Amino acid sequence: MVQEAKLSAALSEFARTMVTDFPIQAILDHLVERIVDVMPVTGAGVTLISPGLAPRYVAASNDAALRFEQLQTEVGQGPCLVAYETGQAVAVPDVATDERFPRFAPLAADSGLAAAFTFPLRHGDGRLGALDLYRDTPGPLNPRDLAAAQTLADVAAAYLLNAQAREEAREASDGFRRSSLYDSLTGLPNRVLLQQRLEHAALRARRSHAHVGVLFIDLDDFKRVNDTHGHRVGDQLLCAVAQRLSSLSRPGDTLARVYGDEFVFLCEDMRGVADIETLATRVVESFAVPFVVEGAEPKMAVTASVGLAYAGLGEEVSDQLLDNADAAMYQAKRNGRGRHFVLDIREPQQTKEHHPTLAQDLKDAFVHDKLDLVYQPIVRTVDGRVIGVEALLRWIDPARGSIPARTLIDVAERNGFISQIGAWVLERACSDRAGWPRPHPDTPLDVSVNVSAQQLMGRDFSGTVAAILDRTAMDPAALVLEMTEGIFIDDAGRAITVLADLKELGVRLALDDFGTGYSSLSYLRQFPVDIIKIDQGFTADIGRELFGTVIIGAVTNLAHVLGLSVTAEGVETAEQREAITAIGCENAQGFFFGQPMSNDEFTAQLAAQRAPTRFQRQMSTLPITLHRSAGISNG
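Its first residue numbered 403, the sequence shown is counted upward by one per residue in this note's numbering.
The following block contains the structure:
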């Protein structure tokens, strides 16, 4: 009979493995060794089984038990397979006389097996495999021993699920690292890798006095392509543009896609400004040939505006070079589009007087109350109901047009006024929410606000949040603060303290753009986040590549094991919505559900939701199959 003290000790030991990073095989080996210590058996084995009855992992306490595990697989028969298929324990108290397994029993008996008892490794309605207990003398186990064995099997199944989630997460992490430096659509380096190459170019320029140039390329009226032909055609056009631009690059150049329809050439070892002007001319001229894009007839004629910035011998290469190229690109657009314009980093006075920097213009817009917020809906995937919004900073500059929110945040951070703008965004979002109708009082209506690293780590940020919550009478639980992994890199200890202070206020925390950094998975265990927002780069791949589906599935499973919710960003098609819903991702955001809208527009939409929205009606007609971990299935 199992001794209670031994069983309790074994369960406690298993519990400690739950919070460690043991691989699956190590957990299985430890399981069978401990079971032999606490159960009246001479051997134990465990097999994890994939759908289709293919064994994935096998462990055994000794060579004889291992032989019995392998024998069941070889002959395709035995108590292990029955327990897995039925979810019920199987007892074979006398192998020599049992007639249920005519192929397995004689071979097992000849090898010294006298009795076997098998218990399914259960999780919910599913099974992972089975635990086998072997004895070298016939006879039954008493009811208490049988119950204890099933308890050990159930506990082991829970730990194995956790280990599986970790292994899936590690595989996903490898994918994250591969994808963190390259654009998933075009395969070009992304902004992160471009920044690294720019820093490398700066070091080389200081050592070797090399010339460095940057071209900032922006497609003219690209929004009209998406609006007219749809995002699928727009994506195909971007890929065609990337391919054509790549054909113009020299060895050693970096061509990156940095945002939407924006591309950047980083050119090192230039002989002079004439070299980069020549490249800019070739870029502009290359757009004279229309693009052949499937789904767009006739051929698609597109132009591009190009901005140039250049650093000569001995001159400092920095982020300012990229900013100047960006400013030059906007000047090219003002000059008539489809052309290029040069800003030379050696002539800062020209830049200051005739081409006001984006930073100064943004600061002026803030002072004169020219900034605004727009709200993009976040919906519950199972029924399409809006459960929150993300507040996005909006500024429409008379000369430049609408500037992307991320560009505004980046500029404000680099120029030291992100805290002021960030506080304004937070208070405005909380104030706006106070005026929103609640068509579904039983459904949450959260407002998510992006918080930069500088803002979060600034002076008394939690105090600022507390004061804003007090002034606006905002329910803290309805406020979600979104941050990227960058806040954890420089000073993780302080980040933990600040986040703990925010949690004390009752606000919730979201890890934004999950998967674009270098150590994403470790943050989930170290920091008190509530929500994971999967970066749109992975969502874009779902339905097109198995990789994207695997990534989102692994992240969703891991999040659910840790008690976190998941939001998929960048959902633009019905196929993507169906895919993330099937995986079990509970919330989503993207153009498929709604574009960012003004406070007045969003308020009107909420007021109209007392009747089902178009999207909710559409949802009700779609078959939904959620991942088992979500606990819901309909078809």
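Yeah, the Cβ is synthetic: ideal placement off N, Cα and C, and Gly gets one too. None of the values given here were measured: they were computed from a predicted structure.
For residue 584, there is no enclosing alpha helix (DSSP H), as DSSP marks it with neither H nor E.
Between the beta-carbon of residue 783 and that of residue 987 there is about 6 Å, and that keeps the pair under the 8 Å contact cut.
An exposed status is given to residue 930, since fewer than 16 other beta-carbon atoms sit within 10 Å of its beta-carbon. Here the stretch 485-498 makes no contact with the stretch 462-477; the two share fewer than three CB pairs at distances below 8 Å. Its chain contains 613, 615 and 678 as the residues whose beta carbon lies nearer than 6 Å to that of residue 672, once the 5 sequence neighbours on both sides are disregarded; these appear in chain order. DSSP lists 803 as the beta-bridge partner residues of residue 799. Residue 999 carries a strand assignment under DSSP once its states are collapsed to helix, strand and coil. Of 940, 938, 885 and 864, the smallest CA-CA separation from residue 905 is found for 864. Cα atoms of residue 798 and residue 663: separation of roughly 18 Å, rounded to the nearest angstrom.
The beta carbon of residue 996 sits closer than 6 Å to the beta carbons of 779 from its chain, once the five residues preceding and following it are set aside; these are given in chain order.
For residue 528, the secondary structure class from DSSP, reduced to helix, strand or coil, is strand. Between residue 506 and residue 489 a beta carbon distance of about 20 Å is seen, past the 8 Å cut, so the two are scored as non-contacting. A direct Cα-to-Cα measurement between residue 441 and residue 898 gives close to 44 Å.
Contact annotation: residue 972 and residue 1010 have beta-carbon atoms that are not nearer than 8 Å. Residue 509 places its beta carbon 8 Å or farther from that of residue 523. For residue 498, the secondary structure class from DSSP, reduced to helix, strand or coil, is coil. Shortest Cα-Cα distance from residue 691 to any of 856, 705, 435 and 1007 involves 705. The three-state secondary structure of residue 742, taken from DSSP, is strand. For the options 606, 657, 666 and 695, the alpha carbon positioned closest to that of residue 631 is the one of 695. When the Cα atoms are used, residue 515 and residue 564 turn out to be separated by approximately 33 Å.
Taking the Cα of residue 801 as reference, the smallest distance to any Cα among 733, 878 and 644 is reached at 733. In the three-state reduction of the DSSP assignment, residue 944 falls in the coil class, being assigned neither a helical nor a strand state. Straight through space, the alpha carbons of residue 903 and residue 549 are spaced by roughly 45 Å. Taking 3 residues as the shortest admissible run, the stretch 467-515 contains the following complete beta strand (DSSP E) segments, listed from N- to C-terminal end: 492-494. The three-state reading of DSSP puts residue 671 in strand, counting E and B together. With fewer than 16 other CB atoms across the displayed protein chains lying within 10 angstroms of its CB, residue 439 is exposed.
Boundaries of the alpha helix (DSSP H) around residue 436: 426-440. With contacts defined by Cβ atoms closer than 8 Å, residue 1008 and residue 843 do not form a contacting pair.
A straight-line Cα-Cα distance of about 29 Å links residue 911 and residue 587. Straight through space, the alpha carbons of residue 781 and residue 665 are spaced by roughly 32 Å. Counting along the chain, no beta strand (DSSP E) covers residue 905; the unbroken alpha helix (DSSP H) around it starts and ends at 894-907.
A distance of 8 Å or more separates the beta carbons of residue 444 and residue 482. Taking residue 552 as the centre and dropping the five residues before and after it, the same chain places the C-beta of 491 and 521 closer than 7 Å to its C-beta, in chain order. Around the C-beta of residue 962, 16 or more other C-beta atoms lie within 10 Å, and the residue is accordingly described as buried. Residue 446 is bridged by DSSP to 535.
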